[in-house]
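Quick notes on the structure that follows.
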Amino acid sequence: MTRRSFLLGGLAAVAAGGCRGPAANVNPHVVSVWHPWGGTMAPAFRRVCAAFERAHPGFTVRAVFTPNDLSNNQKFFTSVAAGCPPDAIFVDGPQVAEWAERGALEPLDHLVRAAGIGPTDYFTPCWKQCEYAGHVWALTFCADPNFGFVWNKADFEDAGLDPERPPVTIAEMDAMADRLAKWDDGKLKRIGLIPWAEYGSTNSLFTWGWAFGGSFYDERARKVTPDHPGVVKALEWMCSYARKYDITKIAALQAGFGTAEQNPFYVGKLAMTCLHISGIDEIRRYAPRLRYGITYIPYPPGGEPHSSWVGGWCMGIPKGSRNREGAEELLRWMCATNEGTIAVGQASGLFPGYRRSPCFAEVRNRPGVGMLYKILLETRHQRPVMPAQAYYMGALQRAVEAALYGQKTPIQALRDAGTETQAELDFILAGQGRRG
Amino acid sequence: MGKPKHGDIQRANMRNGLAFAAPALVGLLTLTAYPIIAAIYYSFCNYTALKPPVWVGGTNYVRLAHDALFYKSLGNTAFFAVLSVPLGVLVAFFLALLLNMRVPGRTFFRTVFYIPSIVPVVAGSVLWLWLLNPQYGLINYALAGLDSGLRWLDGLLAWAHIRVPLGVGQPGWLADPAWAKPALVLMSTWGVGGWVVIYLAGLQDVPKELYEAAEIDGASAWDRVRHITVPFMSPHIFFTVVMGLIGASQYFSQAWVMTGGTGSPANSTLFYSMYLFQNAFQYFKMGYACAMAWVLFILILLATLLIFKTSARHVYYGEGG
């Protein structure tokens, strides 16, 4: 080999190394999937993959942890743009429509037809958030009933409240919060509730907005409605806490909050809060002695009783996936079969979105989890299914903060968020000016 | 076999030189020059990265001119730059003067003050999150101590009708929109070790005989610093001001880590680069983000030109320099 051919060969190898070979060379029995399961969920997902491999002899799942936040969007979108995405991808429920509109996902109509699955096989909001512009773009991997409302019984006793009687209405909750707040030398040591701290200010507004009878999106008119009277009332009520307890004092208390064993609810700094389904296992692990109860989210007169919305992860197939067949089988098995959804439920402690899954037979009798299952059965909402979702979430977060810190009135903040988002949405729906 | 000609050797050297420099040149052209030029084109397009860009002329720039968050992020960045650069220069200069003194353990102290510069950004930011914690942080703990000390002094001097100013208080730092940016400015002074090294190098070049002459003429220590050290150090200060300004204009990582990328509370830490990143990777407005990048480039260029223009009056490059 001459020196020149050696160098050229080396360069070619480096260039080819950036991406896998052409589709024809792809091993149909190896399926790559990018997933967001880190921490204690990582071994759980590995168990689900192992169960898939056992059910499909000869198949290998190549699972790569890629946290789904902004950086993963960056990494995932770059991989799609470069033509070498994974075969399957986890996509958060509200991201589905946006990723579909942006051209990052392949429609799953063929899979849905071939597997004979349809809307009635899933909890309604789960199916709705995967459907956009007449196509199905993802299947629900897990359906999170957001949220269970939990209260700390020891804190209730400490404040002279009946530990077995949680609030049912907003007025009851406010009165209890007043008694639960604990001050020391001008500093908050414990607070009853922080209405904007339910998994971020945007998710908080969704939670309370729906409980107050609000609505965030008019699907038919394709209009965002953050200034719906119910949502405005919810934000006004949230601001009442910011005024009553002083937002900077609450923020100072929050600055010491952590996750896992430092979760403020587990350590008694926050007496009432909304709990995600993963919290049940977390409490068992990090705060086994915590005495708490779980119920429906309180609501005001004229609001929505037993209000909740569905969150959770879905699975899709990226545009340019090399092993589409393998990816479809992975999705079908994990999201739409008895065997696969049992594996998901048992390994992760999460609920499958597939409502026919036999795993629910066992779940409904488990303490805590059974209540969350009841909430899931009644859930009516999913976050708006539209392609400016990320922008809308950002705009709502800014609106909540502007109102909490008194920079804008709640109605003004929400109107501004609506105007900005609608402009963005119209722009996207018009094909970014012209379709490329 | 004849001796190679001079021209042949030169040609061979040129060929080999270019071959060895090729990786760097190719990298520079493809990974730096091309993206910069492409960004100009994309700034005039709607581009979401997955679909081909669509030419829209100056629309992105017009939208930018009407974007309230653009101005907010620009204001936040200017606030940070205007406070952090002069403060950093002052602290670094003061430290360099101290570390230049011939005292035992000088090398040890130089190392200690440089260490923060090599702490990874994320680790340093998390550390400062705890230092700045309004309830449990060391900074507010110290301020509370100061407060009670002042209160004690006030009580002690009450008989003489002397009032000690109170109310240093304990700010909410990152929990309070009014204090979030000052908190980040405070944190930025922690990493001035790099500038200290530059100043220390500069201090070695100040002629010793000038100090001796000034001392003989009866100049005080302050006079010597003001009339000898500062003029001789002005090129170094000028360099750090320009680099500091560019760095502050692109301020991103610390604020991203400390506020979770949201610009909380109430957009008070939404810096320009952060908003640019949000547009590019969160909202998929790549063309808009490219326009923002070019506006930032032009603003930094103008600010640097302004500093260069005015530098002739302030910077001393030595006699005939």
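Order-wise, the sequence lines are chains A and B. For the first sequence, the working numbering begins at 1 and goes up steadily by one. For the second sequence, the working numbering begins at 1001 and goes up steadily by one. Backbone N, C-alpha and C define an ideal beta-carbon position, used for all residues, glycine too.
- Using a Cβ-Cβ cut-off of 9 Å, residue 248(A) counts as an interface residue toward chain B, since at least one Cβ of chain B sits closer than that to its own.
- Taking 9 Å as the cut-off, the beta carbon of residue 106(A) is found no closer than this to the beta carbon of residue 119(A).
- The shortest C-alpha to C-alpha distance from residue 62(A) to any of 397(A), 162(A), 88(A) and 197(A) is the one to 88(A).
- Within the model, the alpha-carbon separation for residue 1273(B) versus residue 1033(B) is close to 20 Å.
- The distance from the Cβ of residue 125(A) to that of residue 382(A) is about 4 Å, consistent with a contact at the 8 Å cut-off.
- The beta carbon of residue 203(A) does not come within 9 Å of any beta carbon belonging to chain B, so the residue lies off that interface.
- Its chain contains 227 as the residues whose beta carbon lies nearer than 7 Å to that of residue 415(A), once the 5 sequence neighbours on both sides are disregarded; these appear in chain order.
- With at least 16 other beta carbons inside 10 angstroms of its own, residue 428(A) counts as buried.
- Leaving aside the five residues that flank residue 1045(B) on each side, the residues in its chain whose CB is nearer than 7 Å to its CB run, in chain order, 1053, 1054, 1055, 1056 and 1287.
- Residue 331(A) is a Cβ neighbour of residue 111(A), given a cutoff of 9 Å.
- C-alpha of residue 392(A) to C-alpha of residue 417(A): approximately 8 Å in a straight line.
- Within the region 360-409 of chain A, no beta strand (DSSP E) run of at least 3 residues lies entirely inside it.
- In terms of beta-carbon proximity, residue 182(A) stays away from the interface with chain B, with every pair separated by 9 Å or more.
- The region 39-49 of chain A makes no contact with the region 1239-1254 of chain B: fewer than 3 CB pairs, one atom from each, lie closer than 8 Å.
- In the structure shown, residue 188(A) adopts extended strand secondary structure according to DSSP, grouped into three states.
- Closest option to residue 1063(B), judged by alpha-carbon separation, among 1279(B), 1315(B), 1307(B) and 1314(B): 1279(B).
- Residues of chain A whose Cβ lies closer than 9 Å to the Cβ of residue 1060(B) do not exist; the shortest such Cβ separation is about 10 Å.
- Per DSSP, the unbroken beta strand (DSSP E) holding residue 32(A) starts and ends at 30-35.
- With a contact defined as Cβ atoms closer than 8 Å, residue 280(A) and residue 213(A) miss out at about 28 Å.
- Between residue 73(A) and chain B, the shortest Cβ-Cβ separation is below 9 Å.
- Taking a cut-off of 8 Å on C-beta distances, the region 1107-1116 of chain B touches the region 1190-1198 of chain B, as three or more cross pairs fall below it.
- Apart from the 5 residues on each side of it in sequence, residue 123(A) sits with its Cβ closer than 7 Å to the Cβ of 143, 310, 353, 355, 376 and 379 in its chain, given in chain order.
- Across the structure, residue 1085(B) and residue 1244(B) are spaced so that their CA atoms are roughly 6 Å apart.
- Secondary structure within the region 1158-1201 of chain B: not one fully enclosed beta strand (DSSP E) run of 3 or more consecutive residues is present.
- DSSP places residue 229(A) in the uninterrupted alpha helix (DSSP H) bounded by 229-245.
- Residue 266(A) has a beta carbon lying at 9 Å or more from every beta carbon in chain B.
- If you look at residue 62(A), you'll find it in the beta strand (DSSP E) that goes 60-65.
- Closest in C-alpha terms to residue 190(A), from the list 245(A), 67(A), 164(A) and 113(A), comes 245(A).
- Nearest CB-CB separation between residue 1181(B) and chain A: not below the 9 Å threshold.
- In this structure residue 1073(B) is buried. Its beta-carbon is surrounded by 16 or more other beta-carbon atoms within 10 angstroms.
- Straight across, the Cα-Cα distance linking residue 30(A) with residue 1125(B) is about 41 Å.
- Of the other Cβ atoms in all chains shown, fewer than 16 fall within 10 Å of the Cβ of residue 262(A); this residue is therefore exposed.
- In the displayed model, residue 1316(B) falls within coil according to three-state DSSP, outside both helix and strand.
- Within the region 1204-1221 of chain B, no residue has its Cβ closer than 7 Å to any Cβ of chain A.
- Linking residue 1308(B) to residue 210(A) through their CA atoms gives a straight-line distance of about 57 Å.
- Scanning 404(A), 403(A) and 373(A) for the CA closest to the CA of residue 147(A) turns up 373(A).
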